[in-house]
Structure formats: structure tokens, C-alpha cells
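Under our numbering, the letters of the sequence shown match residues 171 to 416, in that order.
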Amino acid sequence: MEEKLVFVSVGATATPEQESFVRLIEDRLRSESLSPKTVGRNTFSADAPLKAITELMEHCSGIVVIALERSYFPAGLDKRGGPRQGSLADVRLPTPWNHIEAAMAYTKHLPLLVIVEAGLKAEGLLEPGYDWYVQTVPLEATALASNEFNGVLADWKEKVLALKPGGDAPPSRGPRALNPAELSIADLVGALRPVQLWSVAIALAGLLAGAFSLGARLVPPMKDTPPPAQGVLPPKPQAGDTSGRG
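As C-alpha cells, then:
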């Protein structure tokens, strides 16, 4: 089977546990005939990061987001200074590039496989409820052997294999073709655009004007019959004349 490239969104690892976990996922992808590619890890470019990421995604058929702890805040405030200010404790955040690259891949309709280290703050594109499944796992090899992980991976891989590199927009559903024989006059008028309505109105006005003009030409004008002079009797009808029949 020909290997397909998949984009892996992961920041620079900070601990041996993180590095080992990322390598486990990369090895698992290779065992599935998928080649993991990460800008700054195994793929390098002289271009600016966003340009390098965009060009690399053009050759990939899917994305794996590995969200690991990047920043840790023992304590802090949320919405500081406002009426809804709240206290924060033990806040763990991943690299913001996870959100950026996930959003870029989503706009390209690349299948997403999202893996989040347990304990990270669920927010942005890494929280459940979107068009992809978010797996929160500990940084252990056993997490990659669970039924849940294997099932989600198999479903994601099926979508990757069915997609062309660089993503492929889902087929758009255009408006249903109208059958004039099945439409009423009101439906036909409602289906017309404003410009078309004006054209129809002008055409109808022209037809009516032409009909009146043609009718005036075909019907001879009525001649006025002068009334009989006062004191003069109308002529007496001749034999066989029925014009005076009552």
C-alpha cells in the first residue's frame, strides 16, 4: 500500500515522557502505512511558518493533533477586574499552534484525529463538541492500545485513505431542478428573479398594447346614423321588409 502523508500538529517536547509519547504515535502511524510530517520536527522550510504549514498540508490527507502541556500556571485570575472574575488553579495549556493548525486543516476538510494530554484545559478546538472526536489520554503506551483509541484511529484512517492530498471539499448540494409542469403559476412567478419579473411585466404590457392596436384595426368604426328630422315620419317598410318586426 502506498504511504499517505499526514500532518502532525505537535509542539516541541519538554520532557522525556512527552517525546516518548509522540514517537509512539509516529511509529503507530507508520505501521498503518501513514507517513507523519511535522514542520520543525521532520520537515523543514526556509519560508515563514504559516506558509510552510500551508504548503505541507497541500500534500497531506489528514491531520493528527497531539496537544501536550506547554505552559503551566499554578494560580491566576479569569476575566480579571470584571464582575465575573474567577480564580484559576493548576492551569495547563498546550501550544497555540495546535489550535491554528487544527483550524487550517478543518478549512481544508482534512480528517482530524485529536489526542489531548490528560489534565490540559479543554478550550478552543481541543474541547469536545465539534465535528471531530477528542481523546483525552495519559502519556502512556497503554493509552494507544485501548479499544477506544483503536476504534477512533480505524475510523479516521478510513477517511484519510478516501481523501485526496490537500483535502477535498464535500460535494455541494445545489438547488433542486424545477419542473415547470409540476409548478403552479404562483410557484413559477415566485421562482423568477426581480430582473426576470420586470422582463415578464414589460413583455405582457407590450402584448396587451399590441392586442388593442390590432383590435382597433380589425373592427370597422361604427358610423353614426343621424336622427330623423322632427315632424318627419320614417319611411314605410316595403313588402317583405322585416326590419320593423316587433
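Glycine is no exception: its CB is placed at the ideal position from the N, C-alpha and C atoms.
Straight-line gap, residue i to residue j (C-alpha atoms, nearest Å)
i    : j    : result
L204 : L175 : 6 Å
L331 : F243 : 40 Å
A324 : L199 : 11 Å
A347 : K334 : Per-residue confidence for A347 stands at a pLDDT of 49, beneath the threshold of 50, marking its modelled position as unreliable; no derived number is given.
K278 : E271 : 11 Å
T224 : A218 : 10 Å
L258 : V286 : 20 Å
E328 : I195 : 17 Å
T183 : A288 : 16 Å
E187 : N317 : 22 Å
E172 : D197 : 16 Å
K249 : A315 : 40 Å
F467 : E202 : In the structure displayed, the chain extends from 171 to 416; residue 467 sits before or after that span and is not available.
G299 : A216 : 37 Å
A245 : T185 : 22 Å
D260 : H269 : 21 Å
L247 : W326 : 38 Å
Three-state secondary structure assigned by DSSP to residue i
i    : result
Y242 : strand
T183 : coil
R346 : Residue placement at R346 is flagged as unreliable, the pLDDT there being 48, under the threshold of 50; a coordinate-derived value is accordingly withheld.
V261 : strand
K221 : helix
L446 : The structure shown has nothing for residue 446, since the chain only spans 171 to 416.
P341 : A caution first: P341 carries a pLDDT of 48, below 50, which makes its placement in the model too unreliable to give a value.
F214 : coil
S190 : helix
L199 : helix
L283 : strand
F177 : strand
Beta carbon of residue i nearer than 8 Å to that of residue j
i    : j    : result
T265 : G181 : yes
W302 : S179 : no
K291 : R262 : yes
M227 : G294 : no
A273 : F177 : no
V304 : E297 : yes
Residue i: CB within 7 Å of a non-hydrogen atom of the ligand PLP
i    : result
A288 : Questions concerning the ligand PLP fall outside what the structure shown contains, since it holds no ligand whatsoever.
Under 8 Å, with one C-beta from each stretch per pair, do the stretch 223-241 and the stretch 272-282 reach the 3-pair mark? Judged by Cβ distances under 8 Å, the stretch 223-241 makes contact with the stretch 272-282, as three or more pairs qualify.
How do the stretch 175-193 and the stretch 237-248 stand: do at least 3 beta-carbon pairs fall below 8 Å, yes or no? yes
How about the stretch 245-255 and the stretch 199-219: do they share at least three Cβ pairs that are nearer than 8 Å? no
Is it a yes or a no for the stretch 210-220 touching the stretch 302-312, going by three-plus beta-carbon pairs under 8 Å? Segment contact: the stretch 210-220 against the stretch 302-312, fewer than three CB-CB distances shorter than 8 Å; contact not assigned.
Taking only runs that begin and end inside the stretch 288-332, name each unbroken alpha helix (DSSP H) of 4 or more residues, in chain order. 317-331
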